[in-house]
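For the protein sequence lines, the chains are A and V, in the order given.
The first sequence begins at 1 in the working numbering and counts up by one.
The second sequence begins at 1001 in the working numbering and counts up by one.
The structure under discussion appears below in the form of structure tokens.
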Amino acid sequence: MRLANIQILGFLLSLCLAFSAQAVVVVVSKQNPIDSLSKNQIIDIYMGRYNTFPDGILAKPLDRTANSSEKQQFYHALVNKSEAKINAYWARLLFSGRASPPGRFDSNDEMLSELKRSHQTIGYVLESEVDDSLKIVYRFDNK
Amino acid sequence: MSKILSNKLRILFCLVLINILNVSNALASDDMVKFSGYATLGAIYNDSADLGFHSNFKVPARTGFSLAPDSLIGAQANIEFTPHWDAVIQAVFRDKLDNKALNYIDVGFLRYHLGSNWEFRVGRMNTDIYFLSEYKSVGYAYLWARPPSEFYTNVSSVSQFEGADVLYKRSVGKGFLQVKLGYGGSDATIGTTGSENDTNIVTTDSNVDIKFGDMLMASVAYQQDKWQIRASFLDSKIKNFSEDLDIIDDAIAFFPPTIWPGGPILRDRFEYRGKKQQFYGLGYQYDDGLWLVQSEIGFTHSLWDIIQDNVSGYISVGYEPENITYFATLSAIEPTRGTLSDSVGEISPYAPDAVVALIQSFSPLIRAALDQSRIKQHTFSIGAKWHISPAVVAKFQVDRSVIADNGFALWQVNNNLDSGQTVNVTSLNVNWIF
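Quick look at the structure:
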């Protein structure tokens, strides 16, 4: 009986770990001097309010592919908006000439490659995708 | 002075265009030039043969079934020269009244970013006086088949300007504040209300060219989480108007002020040169993802009787349970100075009866001129917006407009009407971005 309880507990723990491993985190290149950002600062960059990091360096936000679960999860956590609302929002900003939307890529691999290549980029990835070339600057969980 | 400024702005605008064309190929490989676009394929059915519908004074009015009023295609290039300098050029191809190639360019400006908080622009820009100021052609980006006519059509002749503006933006509390100040001028070819057979003391043609100068505009917008508010102000001066006042000028020449003291006063009411107009706007928007509420109200004050004082506004509620947003809108516009006088003014008591009768005969012409620019109506609209794919939305909308007696100035009057009208306009359109 006790063994069964331990097995169930272990299963739940592994589920939790798996879930937390799939959490979306906001990252920059290791070369970027920024160590952390607030949620408002990420909103400023991803919603086209500012085109620089807080230290004044040009920021190039990158997006995951359209309709990906990561993109939907990110924008829901960031501004509580659906992808359709985000698309309409960016259409307004783009065609009013105010700002250009985050960079788009045909695949997530291309996006990850660009994220690691440039110190000006900022992106959101699954925590399991973070390696030595990337630096987590914000976590959505428990915030 | 303002003509010289306007010419300099045109030259600068052309230089920006040439610069953009020259560097675009070289920069394209570095992804510093980004091309994008939008389009609307829209059909309307206007059930009135007497009143032609248009959503913008600069486009021809239509009756019956038509693809012309809403269909358009826009192309845009964003050019980033350096982190501080960029340019945007946007061409929109649509049905319009003028035939000037340059007027297919809706937006073309050079911008300088000073730090994170300041932006300076020069060129041709949209006049930022209401929520949809800068993207009213982008059907994909808003809820309705088109912006509410009572509010947006009313100020459509000053929807763009050539000049300069400065934007200050910063985070304030949990929200974001934007303050904009601009100055410039604008030319527009607009359709008049009446048919070509109408006679009054001001207009005799179906289209007129109008030039606004000394346009000073200011706007403040604050956005926080689910809501945003905005306030705006526009002051402009009529510089030119292609129609003349020949009828009244001839009459004054024939009957000098000793006979008709009211003549010069009457002429001044219809004289356009230097006459100023002000627009004051307020807006509120709430969007929690399921419910959307948007409302704006505007006040127009004019010293020229041909542009009459009015108050206009709308409130729209949208509900978005899934991929489809259902919406209802009520919009209205009313004159605020009542019925303007059609009196010919003072006539000398010594004037012969025949002269008095002749001068009094101008009264119906004055009334016709005033009525031709009078707007009084309200519209109830219902519709739905369907997200077909991430880049495509379709919209269906039915507008029922109730127009008061002699309040037809948002429409093209094809036949003289003795009383108010009710008109239904049904719209179906597909909008996409690319």
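The beta carbon of each residue, even a glycine, is placed where N, CA and C say it ideally should be.
Remember, predicted model here, so these are calculated numbers, not experimental data.
List, in order along the chain, the chain A residues whose C-beta lies closer than 7 Å to that of V:P1083? L58
Who does V:K1173 pair with in a DSSP beta bridge? The sequence shown places Gly at residue 1173 of chain V, not Lys. None; V:G1173 has no bridge partner.
Starting from the beta carbon of V:P1390, find every residue of chain A whose beta carbon is closer than 9 Å, and list them in chain order. A66, N67, E83, A84 and N87
Does A:R159 get closer than 7 Å to chain V when you measure Cβ to Cβ? Because chain A is modelled from 1 through 143, residue 159 of chain A falls outside the range shown and cannot be assessed.
Residue from V:R1230, V:D1214 and V:N1424 with nearest C-alpha to V:A1221: V:R1230
V:T1325 burial status per 10 Å Cβ neighbour count (16 or more: buried): buried
Beta carbon proximity, V:F1161 to chain A, threshold 7 Å: no
Output, in chain order, the set of chain V residues within a Cβ distance shorter than 7 Å of A:S100. K1034 and N1078
Simplified DSSP assignment, three categories, for V:N1103: helix
Backbone secondary structure at V:H1387 - three-state DSSP: strand
By the DSSP assignment, the alpha helix (DSSP H) with V:W1432 in it spans what residues? First-last for V:W1432: Q1421 to I1433, but that is the beta strand (DSSP E), not the alpha helix (DSSP H).
So that I know if they touch, is there some Cβ in chain A lying closer than 7 Å to that of V:I1129? no
So is A:S133 in contact with chain V if we call contact Cβ pairs under 7 Å? no
Residues from the region 1129 to 1157 of chain V in contact with chain A, defined by Cβ distance under 7 Å: E1134, Y1135, V1138, Y1140 and A1141
Does any residue of chain A have a CB that is nearer than 7 Å to the CB of V:S1116? yes
If you follow the alpha helix (DSSP H) that A:M111 is in, where does it begin and where does it stop? N108 to R117
Quick check: the Cα distance between V:P1083 and V:A1394, rounded to an integer number of angstroms? 37 Å
Cβ contact (3+ pairs, closer than 8 Å) linking the region 1296 to 1309 of chain V and the region 1335 to 1353 of chain V: yes
CB V:Q1372 to CB V:A1061, shorter than 7 Å? no
How is A:H76 classed by DSSP in three states: helix, strand or coil? helix
Using 7 Å as the limit for Cβ to Cβ distance, is V:F1327 near chain A? no
Using 10 angstroms around the beta-carbon of V:P1256, count the other beta-carbons present and answer buried if the total reaches 16, otherwise exposed. exposed
Using C-beta distances below 8 Å, list every residue in its chain close to V:G1074, excluding the 5 sequence neighbours before and after it, in chain order. G1037, Y1038, A1039, Q1090, A1091, V1092, F1093, D1106, S1137 and V1138
If I follow the unbroken alpha helix (DSSP H) through V:T1364, where does it start and stop? Checking the sequence, you will find Pro at residue 1364 of chain V rather than Thr. Where V:P1364 is concerned, the enclosing alpha helix (DSSP H) stretches over S1363 to Q1372.
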